[in-house]
Every structure is written in structure tokens, then in C-alpha cells.
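Numbers in the numbering used here are just positions in the sequence shown, counted from 1, shifted up by 4.
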Amino acid sequence: MASAPFFARFLAHPKRVGAIAPSGAFLARAVVAEADLSGDVLELGPGSGAFTAALLEAGLPPSRLTAIEYDASFAAALRRRFPGVGILQGDAFSFAALTPGLRFSSVISGLPLLNYGRDEDRALIASALMAMPKGAPFVQFSYGWNAPVEPPEGATVHKATRIWKNLPPAAVWVYRRG
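Okay, here's the thing in C-alpha cells:
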């Protein structure tokens with residue numbers, strides 16, 4: 005999806021879209037580098053598909069990727085662009101109800117967590133960590149200097165890298181439960 009339609013969606017729903025431009029290729033590759041692609045992967049908030057494309061370019065088969073997008077126009081564009089990927093339109097915060105019984109080797113999040121409530125964010129990360137084996141990564145990016153969300157009880161977070169070649173520059177954070 006081009007930047008102009010993305011920016012239009014941002015203007016219409018700034019808290020849900022969370023950025024003025026789609027994530028860049030450098031950020032997408034950095035996020036995917038932190039993922040475990042050995043099993044099924046869940047992508048929350050794929051937006052225009054930057055992380056989706058990077059996951060597929062890294063060799064993840066489309067059939068092993070499930071993506072949950074809230075915005076109907078983004079979801080429709082993703083279905084056209086990525087046939088074979090399980091694109092679900094819905095609220096990523098309800099991913100467990102949308103993917104009952106599924107387990108993932110990684111969860112990749114493009115959600116603008118800083119735009120939501122802290123308790124809601126921590127609950128999302130805790131639920132995602134429980135949908136994966138211990139030690140599996142929940143990968144999140146943010147534009148801030150600090151982790152976007154304190155890790156839930158029993159989990160850790162570390163900054164994997166900062167990507168300066170992104171608009172705006174972003175950090176990649178990895179949450180894991182021990």
C-alpha cells in the first residue's frame with residue numbers, strides 16, 4: 005500500500021494506525037530477524053504489510069502466517085497482496101478468540117501500543133506469550149527510547165536494535181517468558 009493511502013488512514017484513525025507512514029524495509033527486516041520462523045507465526049496489526057512481506061521474503065510459507073488487521077481496507081489490500089496468508093479482520097487484542105487453540109513460534113506486533121492503555125497492553129503481551137512455548141519471542145517496535153510496555157510478570161524485555169533508517173527511527177523490542 006502506498007504512503008498516500010496509508011497517510012489517509014492515519015488521518016481518519018490516528019490512534020489505531022499510529023504512524024504517518026508505513027514501516028520501512030530496514031525496520032521490517034530487523035523485526036523479522038528477531039522472530040523464530042520454525043513454526044506458525046502470528047502478526048498483529050500488519051497495516052500495509054511491511055512485516056508480512058519481510059516474513060515471506062525470509063522464507064516463511066504463507067500458510068504458516070496468520071495476520072490480524074483491524075482496519076477493513078488494510079485487511080482487504082493485504083488479502084489481495086498476500087494470497088495464501090491467513091488474513092483475519094478483527095481486533096488484535098482479541099487474538100485468542102480469533103485463533104482458538106493455535107500455538108505460535110513467534111508473535112510479531114505492528115500495533116501502536118503507546119496509543120493504548122498500559123493494562124490492556126500488558127494483558128495482550130501476556131496472552132501472546134502464553135500462546136507460544138517458553139522463550140519464544142513477542143517482537144514489538146516503538147518510536148520511543150524505552151520499552152513501550154513493562155513486561156508482564158514472569159517475562160523479560162530487551163532492546164534488540166534501533167533502526168535509524170526508518171521514518172521515524174524505531175527500536176525493536178523482544179519480550180519472552182522464562
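Using N, Cα and C, we set each Cβ at its ideal position, and we do this for glycine too.
- Using a 10 angstroms sphere on the CB of residue 168, the tally of other CB atoms stays under 16, which defines it as exposed.
- C-alpha of residue 91 to C-alpha of residue 158: approximately 31 Å in a straight line.
- Across the set 29, 122, 145, the C-alpha of 145 shows the shortest separation from the C-alpha of residue 49.
- Shortest Cα-Cα distance from residue 33 to any of 43, 75, 54 involves 54.
- In this structure, the CA atom of residue 43 is about 31 Å from the CA atom of residue 171.
- Closest in C-alpha terms to residue 143, from the list 29, 31, 39, comes 39.
- Sequence-distant partners of residue 147 (beyond 5 residues in either direction) whose C-beta falls short of 6 Å from its own C-beta, in its chain, are 172, 174.
- With contacts defined as CB atoms closer than 8 Å, residue 139 and residue 84 fail to qualify as a contacting pair.
- The stretch 75-89 makes no contact with the stretch 102-119; the number of CB pairs closer than 8 Å stays below 3.
- Judged by DSSP secondary structure, residue 60 falls within the alpha helix (DSSP H) whose first and last residues are 54-61.
- In the same chain as residue 155, and ignoring 5 residues on each side of it, the C-beta atoms closer than 6 Å to its own belong to 161, 179, in chain order.
- Distance between residue 103 and residue 37, taken at the CA atoms: about 24 Å.
- When DSSP states are grouped into helix, strand and coil, residue 159 belongs to the strand group.
- Straight across, the Cα-Cα distance linking residue 150 with residue 164 is about 12 Å.
- Residue state for residue 145 is assigned as strand, using DSSP reduced to three classes.
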